[in-house]
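Numbered per our numbering, the sequence shown spans residues 7 to 432.
Virtual Cβ for every residue (Gly too), placed ideally from N, Cα, C.
Remember, it's a predicted structure, so these values are computed and weren't measured experimentally.
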Amino acid sequence: MGIEIVDSIVVTGNGPLKGQIPIAGAKNACLALMPATILSDAPLTLTNAPRLSDIKTMTVLLRSLGTEITALQDGKVIALSSHEIDNLKADYDIVRKMRASILVLGPLLARMGRAVVSLPGGCAIGARPVDLHLKGLEKLGATLDLRDGYVHAEAKSGLTGAVVEFPFVSVGATENLLMAATLARGTTLLRNAAREPEIVDLADCLRAMGARISGDGTSEIEIEGVDRLGGATHSVVADRIELGTYMLAPAITGGDVELVGGRLDLVSSFVEKLDEAGISVEETAAGLRVVRRNGHVGAVDVTTAPFPGFPTDLQAQMMALMCTADGTSRLEERIFENRFMHAPELMRMGADIDVHGGVATVTGVNKLRGAPVMATDLRASVSLILAALAAEGDSIVRRVYHLDRGYERVEEKLRACGAKIERVSA
Ligand code: EPZ
């Protein structure tokens, strides 16, 4: 990756949004599906893939290991082939850009018996260690040695199935162990496993490759190891976080928008909260239609939790909506230790937010005012865009490279519904 051009996005509050927004494939599913190619020497084709910078980063990482990758149909189809894995080292320079790189560890160990993967390091929203990934792989018989910032992992005689009990839910650790266990000798049981739709999507793809998996989507997943996996073609599940994010665009502007490709089962706890706040969501033939009932939004309380609870990845966006609600709402962030960096930026727009530890108390104001603000992490940046859509006057959101990691063509999708939004190079 060259020097990132620091783009900004200018938004001018422009009243209710109306129209359609297409929902892309899930970034967080695709970032686990792509490393699954390492498990097999046969081709894996992913369709409905999102066009995002994180996907490009994963492509660079997998190519560095020897995987051949071709992007087709403007990146919506990704053809991967790990016939030859000729490098077992995932370099710090790539891993530091994207934590999901750790997801090559389990597959490399399972297929090649060895891996040297840089520790991802923390990120803006928290320390985000990978101890559960490492302890789980040791349970499957891997020997791990941490030195000079890398995990040196070995499983010379292959991995052996075991019972892995997670002390708390981890999406990434569940994914790493799920992939590693597909080629382990015997049966693996993952207890207190993550239940996110992205886990089910990964299990669907692995089963299409010949893996024997049951219980995905519940907190107990059983995997019966097989000798080898074949190829598959798999369509990436719709992105529930992009979906939830764009559902808030009509909610915060008082509009009426249809999210094409949206699935109600992916966002049920989120929809419950929206309904409580006075936003109605109905299923249509093409997806989900969101309309704000009687002109105002009611304040609601939110506590983030692993799926099927309220997603931490929608907390920042929900806070933006609550900044314009009637009354006071309490948002508790229980997954990450530092995920309120959007609060001070929203306060620059006139929001009334009080943050104490993991709890933010938001008192709605009549109108937010446009202001220059700074994106700090992926979901914080889009919460600022949402607030700017409803604010009076111009806002300029800086460092939007955060945004491009998780949202494809955000200004095009919003402009198509009447938003006044432009990308400007700094
Ligand atoms: C995934 O991250 C998502 N990323 C995150 O989305 C999402 O916020 C998170 O799951 C929770 O839903 C991808 O799927 C690529 P975790 P992950 O392991 O797997 C701690 C976005 O905006 N933990 O479920 O890294 C960890 O620090 C991103 O798209 C350990 O302590 O999340 C966190 O506090 C942000 N040790 C909590 O558990 C471990 O070994 C949940 O983390 C692993 C995790």
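Comparing alpha-carbon positions, the option among Thr382, Arg105, Arg269 lying closest to serine 14 turns out to be Thr382.
For valine 122, the closest of Tyr98, Gln26, Gly142, Gly132 by C-alpha to C-alpha distance is Tyr98.
Secondary structure at cysteine 329: coil, using DSSP grouped into helix, strand and coil. For lysine 426, the uninterrupted beta strand (DSSP E) segment begins and ends at 426-431.
By the C-beta density criterion, glycine 155 is exposed, having fewer than 16 other C-beta atoms within 10 angstroms. Taken through DSSP and simplified to helix, strand or coil, valine 242 comes out as coil. In this structure, the ligand EPZ has a non-hydrogen atom nearer than 6 Å to the beta-carbon of glycine 178.
Taking C-beta atoms as the reference points, threonine 65 and lysine 103 fail to come closer than 7 Å. Valine 110 is not a Cβ neighbour of proline 49, given a cutoff of 7 Å.
Per DSSP, reduced to three states, the secondary structure at alanine 366 is strand. Under a 10 Å Cβ-count criterion, glutamate 181 is classified as buried, with 16 or more other Cβ atoms of the shown protein chains found around its own Cβ.
At least one heavy atom of the ligand EPZ sits closer than 6 Å to the Cβ of threonine 318. By the beta-carbon neighbour count (other beta carbons within 10 angstroms, threshold 16), leucine 71 is buried.
In this chain, the alpha helix (DSSP H) harbouring isoleucine 391 covers 384-396. Using a cutoff of 6 Å, the CB of arginine 405 does not count as near the ligand EPZ, since none of the ligand's heavy atoms is closer than that. Residue pairing for serine 335: DSSP places it in a beta bridge opposite Val368.
Judged by the Cβ position, arginine 134 qualifies as a neighbour of the ligand EPZ at the 6 Å threshold, a heavy atom of the ligand being closer than this. According to the DSSP assignment, leucine 150 belongs to the beta strand (DSSP E) that extends over 149-153.
Between the ligand EPZ and phenylalanine 172, a heavy atom-to-CB distance of less than 6 Å is absent.
If the five residues before and after arginine 117 are omitted, its C-beta is found closer than 7 Å to the C-beta atoms of Ile44, Leu45, Ile91, Leu189, all from its own chain and listed in chain order.
The DSSP assignment places complete alpha helix (DSSP H) segments of no fewer than 4 residues inside the stretch 208-263 at 246-259, in order along the chain.
Our two residues, histidine 158 and leucine 140, have alpha carbons roughly 11 Å apart in a direct line. One thing to note: glycine 192 has its Cβ within 7 Å of the Cβ of threonine 166. Between the ligand EPZ and alanine 244, a heavy atom-to-CB distance of less than 6 Å is absent.
Boundaries cannot be given for lysine 103, as no alpha helix (DSSP H) includes it and DSSP labels it neither H nor E.
Under the DSSP assignment, methionine 380 falls in the beta strand (DSSP E) whose first and last residues are 378-380. When DSSP states are grouped into helix, strand and coil, leucine 125 belongs to the coil group. Within the same chain, Ser46, Ala48, Met215, Gly216 come within 8 Å of glycine 236 by CB-CB distance, once the 5 residues on both sides are set aside. Inter-segment contact for the stretch 254-263 and the stretch 335-346 is absent: fewer than three beta-carbon pairs are separated by less than 8 Å.
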